[in-house]
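> Add 16 to the 1-based position in the sequence shown for the numbering used here, that's all there is to it.
One structure is given below, represented as structure tokens, and several questions about it will come after.
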Amino acid sequence: KLLKGETIPELQTYTMAELTNDESQQGEVAAYFLPVEQVDKDNVYDLVVKSGFQTYDDVYRDIPEDQRPPKP
17 KLLKGETIPE LQTYTMAELT NDESQQGEVA AYFLPVEQVD KDNVYDLVVK
67 SGFQTYDDVY RDIPEDQRPP KP
């Protein structure tokens, strides 16, 4: 969309000073900040494996099989 010059409503404009906490920085940047999700052992399967971000085998490779959730 950006290459076509289309507007992306989620983008917001930030000054470089805002983003760096350095008032000497000049310029502006359009950005969209994704929501942050804290991953822990209770939600790693849902947030990381189910979403397809990492495979089940990669996430649980060092976890004993009897401590892993059922493999999909």
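Glycine included, each C-beta is placed from N, C-alpha and C at the ideal position.
Find the nearest neighbour of T29 within the set L18, L19 and Y48, judged by alpha-carbon distance.
Among L18, L19 and Y48, the Cα nearest to that of T29 is on Y48.
> Quick check on DSSP: helix, strand or coil for V45?
DSSP places V45 in strand when its eight states are reduced to three.
> Report the residue from E34, Q42, T31 and A46 whose alpha carbon sits nearest the alpha carbon of T23.
The residue with the shortest Cα to Cα distance from T23 is A46.
> What does Y30 pair with, by DSSP beta-bridge criteria?
BP columns for Y30 point to V45.
> Rounded C-beta distance between Y76 and P88? I'm assuming under 8 Å.
That pair is no contact at about 12 Å.
> Could you tell me if V65 is buried or exposed, where buried requires 16 or more neighbouring beta carbons within 10 angstroms of its beta carbon?
Its Cβ being crowded by 16 or more others within 10 Å, V65 is buried.
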